[in-house]
Amino acid sequence: MARILTLSEAIAELVADGDAIALEGFTHLIPVAAGHEIIRQGKRDLTLCRMTPDIVYDQLIGAGCARKLVFSWGGNPGVGSLHRFRDAVQHSWPRPLEIEEHSHAGMANRYAAGASGLPFAILRGYTGTDLPAQTDSIKTVTCPFTGEVLAAVPALNPDVGVVHAQQADREGNVQMWGITGVQKETVLASKRSLVTVEEIVDELTPRPGAVVLPTWAVTAVAEVPGGAHPSYAQGYSERDNAHYQRWDAISRDRAEFESWLSREGLADRSAR
Amino acid sequence: MARILTLSEAIAELVADGDAIALEGFTHLIPVAAGHEIIRQGKRDLTLCRMTPDIVYDQLIGAGCARKLVFSWGGNPGVGSLHRFRDAVQHSWPRPLEIEEHSHAGMANRYAAGASGLPFAILRGYTGTDLPAQTDSIKTVTCPFTGEVLAAVPALNPDVGVVHAQQADREGNVQMWGITGVQKETVLASKRSLVTVEEIVDELTPRPGAVVLPTWAVTAVAEVPGGAHPSYAQGYSERDNAHYQRWDAISRDRAEFESWLSREGLADRSAR
Amino acid sequence: MTETFTADEMMSVAAARSLTNGSACFVGIGLPSTAANLARRTHAPELVLIYESGTLGAKPDRLPLSIGDGALADTADSVVSVPEIFNYWLQPGRIDFGFLGGAQIDKFGNINSTIIGGDYAAPKVRLPGAGGAPEIAASCREVLVVMRQSTRSFVESVDFISSVGYGTGKGDRERLGLRGRGPVKVITDLGIMEPDPETCELTLTHLSPGADVEQVRAATGWDLQVVADPTVQQAPSETELRVLRELKATIEGDQA
Amino acid sequence: MTETFTADEMMSVAAARSLTNGSACFVGIGLPSTAANLARRTHAPELVLIYESGTLGAKPDRLPLSIGDGALADTADSVVSVPEIFNYWLQPGRIDFGFLGGAQIDKFGNINSTIIGGDYAAPKVRLPGAGGAPEIAASCREVLVVMRQSTRSFVESVDFISSVGYGTGKGDRERLGLRGRGPVKVITDLGIMEPDPETCELTLTHLSPGADVEQVRAATGWDLQVVADPTVQQAPSETELRVLRELKATIEGDQA
Chain A
899 MARILTLSEA
909 IAELVADGDA
919 IALEGFTHLI
929 PVAAGHEIIR
939 QGKRDLTLCR
949 MTPDIVYDQL
959 IGAGCARKLV
969 FSWGGNPGVG
979 SLHRFRDAVQ
989 HSWPRPLEIE
999 EHSHAGMANR
1009 YAAGASGLPF
1019 AILRGYTGTD
1029 LPAQTDSIKT
1039 VTCPFTGEVL
1049 AAVPALNPDV
1059 GVVHAQQADR
1069 EGNVQMWGIT
1079 GVQKETVLAS
1089 KRSLVTVEEI
1099 VDELTPRPGA
1109 VVLPTWAVTA
1119 VAEVPGGAHP
1129 SYAQGYSERD
1139 NAHYQRWDAI
1149 SRDRAEFESW
1159 LSREGLADRS
1169 AR
Chain B
899 MARILTLSEA
909 IAELVADGDA
919 IALEGFTHLI
929 PVAAGHEIIR
939 QGKRDLTLCR
949 MTPDIVYDQL
959 IGAGCARKLV
969 FSWGGNPGVG
979 SLHRFRDAVQ
989 HSWPRPLEIE
999 EHSHAGMANR
1009 YAAGASGLPF
1019 AILRGYTGTD
1029 LPAQTDSIKT
1039 VTCPFTGEVL
1049 AAVPALNPDV
1059 GVVHAQQADR
1069 EGNVQMWGIT
1079 GVQKETVLAS
1089 KRSLVTVEEI
1099 VDELTPRPGA
1109 VVLPTWAVTA
1119 VAEVPGGAHP
1129 SYAQGYSERD
1139 NAHYQRWDAI
1149 SRDRAEFESW
1159 LSREGLADRS
1169 AR
Chain C
67 MTETFTADEM
77 MSVAAARSLT
87 NGSACFVGIG
97 LPSTAANLAR
107 RTHAPELVLI
117 YESGTLGAKP
127 DRLPLSIGDG
137 ALADTADSVV
147 SVPEIFNYWL
157 QPGRIDFGFL
167 GGAQIDKFGN
177 INSTIIGGDY
187 AAPKVRLPGA
197 GGAPEIAASC
207 REVLVVMRQS
217 TRSFVESVDF
227 ISSVGYGTGK
237 GDRERLGLRG
247 RGPVKVITDL
257 GIMEPDPETC
267 ELTLTHLSPG
277 ADVEQVRAAT
287 GWDLQVVADP
297 TVQQAPSETE
307 LRVLRELKAT
317 IEGDQA
Chain D
67 MTETFTADEM
77 MSVAAARSLT
87 NGSACFVGIG
97 LPSTAANLAR
107 RTHAPELVLI
117 YESGTLGAKP
127 DRLPLSIGDG
137 ALADTADSVV
147 SVPEIFNYWL
157 QPGRIDFGFL
167 GGAQIDKFGN
177 INSTIIGGDY
187 AAPKVRLPGA
197 GGAPEIAASC
207 REVLVVMRQS
217 TRSFVESVDF
227 ISSVGYGTGK
237 GDRERLGLRG
247 RGPVKVITDL
257 GIMEPDPETC
267 ELTLTHLSPG
277 ADVEQVRAAT
287 GWDLQVVADP
297 TVQQAPSETE
307 LRVLRELKAT
317 IEGDQA
C-alpha cells in the first residue's frame, strides 16, 4: 500500500545520495516539483535516468546533483539545447557528467524489461549507428530460431522512479490520462516509487485512455498541485511554453543560472 | 483501410486451406461465428493457434478443419475436457492432430513478438517442466549482460488473425472494451486480420479501458451481432454458461457431434 | 453451535485462511476463486485478486464463472492485456500467492495437468495442459496447491511435469533459478501437507477434523511422511460456512 | 496571382507534397509536424499522423508545440504507451513515412544529431542526441529528411552517425539488415536530393524556384552530383501558402 506523504518527506525518505533515479513523463506530466525538491535537499552523486532530459534535468545537472546521465534525447523541446547539460559535458561544470546514451526505443525497452523482471530486452535498434561503440549497455543477441542478430539492452531498474499523475485516491491508487509515456514501466521497474499528483480524490472515476497504478505497486504518493509546471497535466493545466523559452536565456549563463537557483530557493542547501 | 465485408465474404477471401489462423478472445469476445463460417466453408489443413482453445476450436477440430493446434490450455472453461480435441489427440479422429504446446506466458509473448516485428521473445518460463522436451519452439538465450539463461519462443505471425469486438465505425476503426486479452497483439501479428463486431456505429465514443485498433491496421471488418455466443460481449450480451455445459454432452460422442454439425448447418460442405 | 460441513468445504476454508490480508493473489477459476473470494469476505477484506485474464484488483459481487467473467472487469481497479498481466505483474515476482491444482502431484509438489498414461505423442488421456501454471509456479512468492486427495492424484511420480514444485528435492528450485518459494502448502479434503524444511518432501502437518493419519496415508501414492503430532484444523466457523455457501449459491443457478 | 514566398516555405510545401493520402507518417516537432499538418489540410486529408509520444492518428486543430502536446492526445484515434509506439507500431515497419532532420548529413544520407567536433567523450558541441532517429531511419518504409542546406550541415563525413541512411553506399542497408528503404528524399530550402539508383549517393534532382545548381553546390560540403536536367519545383500554390501561414500563426502567439 502506498503511503501518502508530503513531497519533502517523500524525497527525504526515498532518495539517497548515490541513487539511480528516473523522473519520467513524456512532455506531459513531468514531475518537475519533485526534481526541485531533490535540488532543495541537496542530493548528490545521483545517476539521472530519463528518455528526454529537459529543463528539470538541466536544473539538476547545473545544481550539481548528478554524477551520471542515462538518456536518449537531451534538449529543450521546441527551443533548442540544454545549456547546463552542454556545459557539464563540454566543460565538466559544475562537475564532470558521465553519460550513457541510448535511443528512445532502447530506453523504452530498458524500462519495459525492468518492469518485466527480465535482465534485458531485445529490439531492432542502433544498427549501423555510432552509439554501440560509445555505450557499453548496447550489445547483441542471436535469435535461436532464425539466426538473426538483434540489439540487446539491459533492464533499467532505478532505485527510485518518480512520475506525476492527475489523481490518486485516499488508498494511494493512482490514475493518469492523456499521454502516459513510459510512466507505468518506470514505476514498475523501480525499487521504490513516488507519484506526485494534482489532487487526492475520494474515488477515481474511470476515464478513457487512463492508466491506473494500484496502490500496492506504488511506494508513496504526494499531493503537489501544479507539480508538473512548466509541463502540463491534461485536464488541470496547459503547457507553459513561454517558460521553456525563458529557460534558454536563464541557462545560457552560469551566473544567471545560479541566481535563478537562489531566486527559486533551491540554492540554500546545495553545497557545490 | 479496413474493408467492411460480410462474414462469408471475409472468410472466403482471407482464409485459405493450409493457413495458420488465430481466433483469439480470452473467455470474453471469442469470435465463434467466424469459426463456424470457417467450418461451413469447409476450410482444411489449418494450423489453429489460440491460447485457450475452447468449444469453437473443439468444433473446428471435430469438423476436420485442423492439421495442427498451437495452444497453451485446451479445456471447456468451468466444465472440463474438450472431447473432440481429446479424440483427435488420443485417436486421430477425424484425422491426426499435430500439437505445439506452450504456456500462457509463452503464447502471450509469441503474439507480442509477432506484433513487434521481432523474430522471438524472451521470458522467465518453462524452467524445470517437461514442455521444452516436447516443443521445438521453446529454446533458450543467454543474457549478454548477466549471463542468465532465459526461455526463448519464436514470434507467432498467423496468416489470419480473427477477433470479435463490440464496435467499429464506418471507416473500419475498431473499439473493444472489458477483458481484451491478447487481441491487439493477434491483429498486429497477423498478415491479414478480420474483426467481427457487434455493431457498426457512426462514431466511436471513447470508453474507459477500451482498446482501439485503427482502420489501417485491420484488413476487414464484418458486422456479426452475437458473433461471440456462447461467450459474451460486454455491454451487449451475457455469457451463456448453460451452452458450455451442454457442449460437454454433445461433444462426448462422435455421432452426437456430427448430428450437431448438421443441425447447425455446418456439415454441408465439410467433406470428411 | 457447530454446523456440519463437508470435506470440500473444509478444504475451501483452509485455502481461504492461508491468504493474508493485503496480499496479492493470482486466482484461477474453481476452488481457488472460491477460496480467494471467501477470504476477501471474511478475514482478508483487502486481498487483491488478480485473474490471468488481466483483471487487477477484481471485487466480484458473486463467484465468477470463468476467469474472463464480466463481473471481474467491471469491478477491477484496472484491466490490462494478457501479455501485460504475465510480463509486468506475474513475472517480476510482485504477486504473493498463486493457486494451483492439477490431475497429479508428486511428493515434491510437481504437478501434472497435461497427459495421463501412454506417452506425450499418444497419451491415454489428454488433459487441458499447463495454461498459466509453469510461470505461476515459478514466479509467485508462494504457491498454494488445492486438490482432492487420492492415490490416483497423489502419485510417486507424475506422468508429465507441467509445473515445478521442488523438482527432485531441496536446492532444485535455486539450481533452476526459480525465484518464488514454491508450493508452501498442499491443501486437500483430508488435511494439509507442507514441505519438510530439510528435504522439501511434502509432509502431513494438519488433519481435517474427522480425518486420521492412516486415512491420509491410504489416499497417498507414496510413503507419506507425517510430523510428530499433526494439528487438527479448526472446523469452519459459522461465518465462514455461511459466506462460503452464499458464494456457492451465486453460481448454482447459472450452472444448473 | 502568385504570392511571394520564402525558401523555408517552399521547403515545408515540398515536404508536405511528398506525403501521400492515406499513408501513415511518424512525425517529429518543428518542420516535419508543419509539413504533415499542411499535407493533411490540403491534398492528404486521410494522412495518419503518429507522434512518438504515443498518439496514433492525431488530428490537431493547431500546430502542436511539442510532441506531447495535449491537442495530440485529445484528437488521436488512440493514445498508447511509448514502449508500444516503438515496439508495436514503428519497429514492424507499419509506418510509411518517417521525417528526420539533424545537425549534419553526408552524401549517403547518414545523419548526426549527437556531437560536433572533438571526440565523443569531450565534444566541442554536445547536441541533444538521437532520440527516436536510429529506429525511425531503420524501420519506416521511407525516410524524408528536411534540413536547411549549407556547407556546415551538408558535409563530406558526419562527426557521428546518429541514424543511418545508406551507410557507405549501395547494399549497405541490406547488409545491415535494415528493412525500410532509407532516405528517399532530402528536402532543403534550395531543392531536393534523391539517392542515385546505382550508388545511393544523394543527387540533386529538383531545384527550388529561384535557386540554381551552382548555388546548391556551393551550399554542399561534398562534390554534389546533379541529374542532367533538374526539375524546378512548382511554387507553392495560393492554398498551400494560405494554409501554411494559418498553421504557423497558431503557434506564434504562444512562442512570443
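Chains as they are written, first to last, in the working numbering: chain A, 899 to 1170; chain B, 899 to 1170; chain C, 67 to 322; chain D, 67 to 322.
Yeah, the Cβ is synthetic: ideal placement off N, Cα and C, and Gly gets one too.
Secondary structure of residue i, DSSP reduced to three states
i, result
"leucine 1021 (chain A)", "strand"
"proline 1042 (chain B)", "coil"
"alanine 1169 (chain A)", "Here the model assigns alanine 1169 (chain A) a pLDDT of 49, short of 50, so the residue's position is not dependable and the matter cannot be decided."
"proline 261 (chain C)", "strand"
"aspartate 956 (chain A)", "helix"
"glycine 978 (chain B)", "strand"
"threonine 269 (chain D)", "strand"
"alanine 1050 (chain A)", "strand"
"glycine 933 (chain A)", "helix"
"serine 1014 (chain A)", "coil"
"glutamate 1156 (chain A)", "helix"
"methionine 67 (chain D)", "Annotation note: pLDDT 44 at methionine 67 (chain D) (below 50); position unreliable, coordinate value reported separately. It is coil, neither helix nor strand."
"valine 146 (chain C)", "coil"
"glutamate 911 (chain A)", "helix"
"glycine 1125 (chain B)", "coil"
"lysine 1082 (chain B)", "helix"
"tyrosine 75 (chain C)", "Here residue 75 (chain C) is glutamate; the residue named in the question, tyrosine, does not match the sequence. Residue state, collapsed to three classes: helix."
"isoleucine 997 (chain B)", "strand"
Cross-strand partners of residue i (DSSP beta bridge)
i, result
"threonine 1094 (chain A)", "A:His1062, A:Ala1120"
"aspartate 947 (chain A)", "Checking the sequence shown, residue 947 (chain A) turns out to be cysteine, not aspartate. Answer is A:Ala920, A:Val968."
"tyrosine 117 (chain C)", "C:Val93, C:Thr121"
"proline 1106 (chain A)", "B:Pro1106"
"phenylalanine 163 (chain D)", "D:Cys91, D:Glu208"
"aspartate 1067 (chain B)", "B:Val1099"
"valine 252 (chain D)", "D:Val211, D:Met259"
"valine 1072 (chain A)", "A:Ala1066, A:Leu1111"
"glutamine 170 (chain D)", "D:Asn178"
"leucine 903 (chain B)", "B:Ala1120"
CB of residue i within 8 Å of CB of residue j, strictly
i, j, result
"glutamate 935 (chain A)", "leucine 958 (chain A)", "no"
"tyrosine 232 (chain D)", "aspartate 225 (chain D)", "no"
"leucine 1021 (chain A)", "alanine 1003 (chain A)", "yes"
"serine 1001 (chain A)", "glycine 972 (chain A)", "no"
"phenylalanine 165 (chain D)", "valine 212 (chain D)", "yes"
"arginine 982 (chain A)", "glycine 962 (chain A)", "no"
"threonine 108 (chain D)", "threonine 305 (chain D)", "yes"
"alanine 204 (chain D)", "leucine 256 (chain D)", "no"
"proline 1112 (chain B)", "valine 114 (chain D)", "yes"
"lysine 1037 (chain B)", "glutamate 996 (chain B)", "no"
"alanine 1019 (chain A)", "alanine 1053 (chain A)", "yes"
"glutamate 377 (chain C)", "phenylalanine 163 (chain C)", "This structure cannot speak to residue 377 (chain C), because chain C is shown only from 67 to 322."
"valine 250 (chain D)", "methionine 259 (chain D)", "no"
Would the segment 1073-1089 of chain A count as touching the segment 1002-1019 of chain A if we require 3 or more Cβ pairs under 8 Å?
yes
Which whole runs of the alpha helix (DSSP H) in the segment 186-246 of chain D are 4 residues long or more, in chain order?
For the segment 186-246 of chain D, the full-length alpha helix (DSSP H) segments reaching 4 residues or more read 199-205, 238-242 along the chain.
For the structure I just gave you, are there three or more beta carbon pairs, one from the segment 1054-1064 of chain B and one from the segment 1049-1062 of chain A, closer than 8 Å?
no
In chain order, which continuous runs of the beta strand (DSSP E) of length 3 or greater are located wholly inside the segment 275-321 of chain C?
291-298
Determine, using beta-carbon pairs with one atom in the segment 73-88 of chain C and one in the segment 96-107 of chain C, whether at least three such pairs fall under 8 Å.
Contact between the segment 73-88 of chain C and the segment 96-107 of chain C is present: three or more C-beta pairs spanning the two stretches fall below 8 Å.
Is the segment 1130-1140 of chain A in contact with the segment 930-945 of chain A, if contact means three or more CB pairs nearer than 8 Å?
no
Taking 8 Å as the threshold, find out whether the segment 913-922 of chain A comes into contact with the segment 1115-1123 of chain A through three or more Cβ pairs.
At 8 Å Cβ cutoff, the stretches do not touch.
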